[in-house]
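Participant:
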Amino acid sequence: MNDKKEMIIDVVNKLPSFPSSVVKIMNMNDEDANPRVIIDLIRLDPVLTLRILKLVNSAFFGLRHKITNIQQAYMLLGLENTRSLLLGIAAMGCLPDFELLGNINQNEFLNHSIATGVLAKLLSEKKKEKVYKSEILFTSGLLHDFGKIPLAFIDNDTYRMIIIESNKKGVSLIELENDYFGITHTQVGLLLAEKWNLPVEIKAAMGNHHLLSNEYSPDQSIECYDLTYYIHIANTICKKQKIGESGNSVFTDISDQSLEWFNVNTSELDEMLDNLKEELVSVDFFWK
Ligand SMILES: [Fe+2]
Ligand SMILES: [Fe+2]
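Per my numbering, the sequence shown starts with residue 26, numbered consecutively.
Take a look at the structure:
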């Protein structure tokens, strides 16, 4: 086995599990999700508490008054948003911290990830199909490229080099990941999803989001759910509109198969995007 591949798998295996408070909240049925219980569980974890407060007080929410405790934050966010944010914050907290992913700074990468999540959620509202809860859509978008983090952690110089090569030569980044690391960010994404026991649809979106753009994709054995279409479309739009940075800017066309599934043509989609732009602009401030 490629040495780097072995090291990456080892990194994933040794990652911490999600905090037990997050697991408990994620496993609650909507009926059982008593705000008081949730607030108490979050309060027990000072790191989670701090991160949530930082987030709700960020410019993204544009609040006039500072939120100083979890109870106020929960009232503002509601159950679904609190759950989405908890999962995202837990994933961030478990992965190695990084300043650069290849040549991309952390904020730019997170902007791409969050914008994909927000857009996936907005697209599902436009499609008027409530198949997925907004927390599932947001979280899948947020996590879809997190498989890149262990690759860059093991060898950031090589990751920087393949991002540059991919853009220069117009070659898919995922193919170069396979050549140089022996494993791709979608395959690592699958390992992360397994490690954290994420729902099967999120796992499939992490593993299949490049499959639909006819890029090199080694993960065709996993079932493709509708959620993967949302993530593919949202991811491609974010790359095309240059919202944040993910490293692979080569494939920026939404696949015909996905447009057909979404039941729009490209001009209808452009019109829709104009309306969404305002909402997406605020994403830039989300994690700062
Ligand atoms: Fe990706
Ligand atoms: Fe992406």
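Each residue gets a CB set at the ideal place from its N, CA and C atoms; glycine is no exception.
For Asp-170, is the beta carbon positioned less than 7 Å from some heavy atom of ligand 1?
Facilitator: Position 145 of the sequence shown, counted from the start, is the residue given in the question as residue 170. For ligand 1, at least one heavy atom lies less than 7 Å from the Cβ of Asp-170.
Participant: Apply the 10 Å Cβ neighbour rule to Lys-193 and answer buried if 16 or more other Cβ atoms are within range, or exposed otherwise.
Facilitator: Sequence index remark: in the sequence shown, residue 193 carries index 168 (1-based). Exposed: under 16 other Cβ atoms inside 10 Å.
Participant: What is the residue span of the alpha helix (DSSP H) that Gln-131 lies within?
Facilitator: As a working note, residue 131 is residue 106 in the sequence shown. 131-152 is the span of the alpha helix (DSSP H), which, as asked, contains Gln-131.
Participant: By Cβ distance below 8 Å, which residues in the same chain neighbour Glu-190 in space, the five residues on each side in sequence not counted?
Facilitator: In the sequence shown, residue 190 corresponds to position 165, counting from 1. Around Glu-190: Val-196, Leu-201.
Participant: Quick one: measure Cβ to Cβ for Leu-167 and Ile-139, integer angstroms, because I've assumed they're closer than 8 Å.
Facilitator: By one-based count along the sequence shown, residue 167 stands at place 142. By one-based count along the sequence shown, residue 139 stands at place 114. Right, the Cβ-Cβ distance comes to about 6 Å (below 8 Å), so this counts as a contact.
Participant: Measure the C-alpha to C-alpha separation of Val-289 and Lys-152 and round it to an integer number of angstroms.
Facilitator: Within the sequence shown, residue 289 is the residue found at index 264, counting from 1. Within the sequence shown, residue 152 is the residue found at index 127, counting from 1. For Val-289 and Lys-152, the distance between alpha carbons rounds to 10 Å.
Participant: For Leu-125, name the three-state secondary structure that DSSP assigns.
Facilitator: Here residue 125 refers to the residue found at position 100 of the sequence shown. Three-state DSSP puts Leu-125 in a strand.
Participant: Between Leu-148, Gly-207, Ser-109, which lies nearest to Phe-163 when the distance is taken from Cα to Cα?
Facilitator: Counting from one through the sequence shown, the residue named residue 163 turns up at place 138. Closest option to Phe-163, Cα to Cα, is Ser-109.
Participant: Is it buried or exposed, Phe-43, if we count other Cβ atoms within 10 angstroms and call 16 or more buried?
Facilitator: Taking the sequence shown and counting its residues from 1, one reaches residue 43 at position 18. Label assigned to Phe-43: buried.
Participant: Less than 8 Å separating the beta-carbons of Ala-230 and Ile-256?
Facilitator: Mapped onto the sequence shown, residue 230 falls at position 205. Mapped onto the sequence shown, residue 256 falls at position 231. In contact: Ala-230 and Ile-256 (Cβ atoms closer than 8 Å).
Participant: Please report the residue range of the alpha helix (DSSP H) in which Asp-170 lies.
Facilitator: Along the sequence shown, read from residue 1 onward, the residue named residue 170 stands at position 145. Premise fails: Asp-170 is in no alpha helix (DSSP H) and is neither H nor E.
Participant: Given a threshold of 16 other Cβ atoms within 10 Å of its Cβ, counted over all protein chains shown, does Trp-312 qualify as buried or as exposed?
Facilitator: Reading the sequence shown from its first residue, position 287 is the one you call residue 312. In this predicted model, Trp-312 has a pLDDT of only 43, less than 50, meaning its place in the structure is not dependable enough to derive any value.
Participant: DSSP three-state label for Ile-258, please.
Facilitator: Translated into the one-based positions of the sequence shown, residue 258 becomes position 233. Reduced to three states, the DSSP call for Ile-258 is helix.
Participant: State the start and end residues of the unbroken alpha helix (DSSP H) segment that holds Asp-180.
Facilitator: Taking the sequence shown and counting its residues from 1, the one referred to as residue 180 is at position 155. Per DSSP, Asp-180 belongs to no alpha helix (DSSP H) and is neither H nor E.
Participant: Enumerated in chain order, which unbroken segments of the alpha helix (DSSP H) with a length of 4 residues or greater are wholly contained in the region 46-95?
Facilitator: 60-68, 71-81
Participant: Could you check whether the Cβ of His-234 sits closer than 7 Å to any heavy atom belonging to ligand 1?
Facilitator: In the sequence shown, counting from the first residue as 1, residue 234 sits at position 209. Result yes, Cβ under 7 Å from ligand 1.
Participant: By DSSP, does Leu-162 sit in helix, in strand, or in coil?
Facilitator: Against the sequence shown, residue 162 aligns to sequence position 137. Three-state result, Leu-162: helix.
Participant: May I ask you to check if the CB of Gly-210 is nearer than 7 Å to at least one heavy atom of ligand 1?
Facilitator: What you label residue 210 is simply residue 185 of the sequence shown in a count that begins at 1. Correcting the residue identity first, residue 210 is His in this sequence and not Gly. Correct: His-210 has its Cβ closer than 7 Å to ligand 1.
Participant: Specify the secondary structure class of Asn-290 as computed by DSSP and reduced to three states.
Facilitator: In the sequence shown, counting from the first residue as 1, residue 290 sits at position 265. Three-state result, Asn-290: coil.
Participant: How about Leu-216 and Ile-34: are their beta carbons less than 8 Å apart?
Facilitator: As a working mapping, residue 216 is identified with position 191 in the sequence shown. As a working mapping, residue 34 is identified with position 9 in the sequence shown. The answer is yes: Cβ separation under 8 Å.
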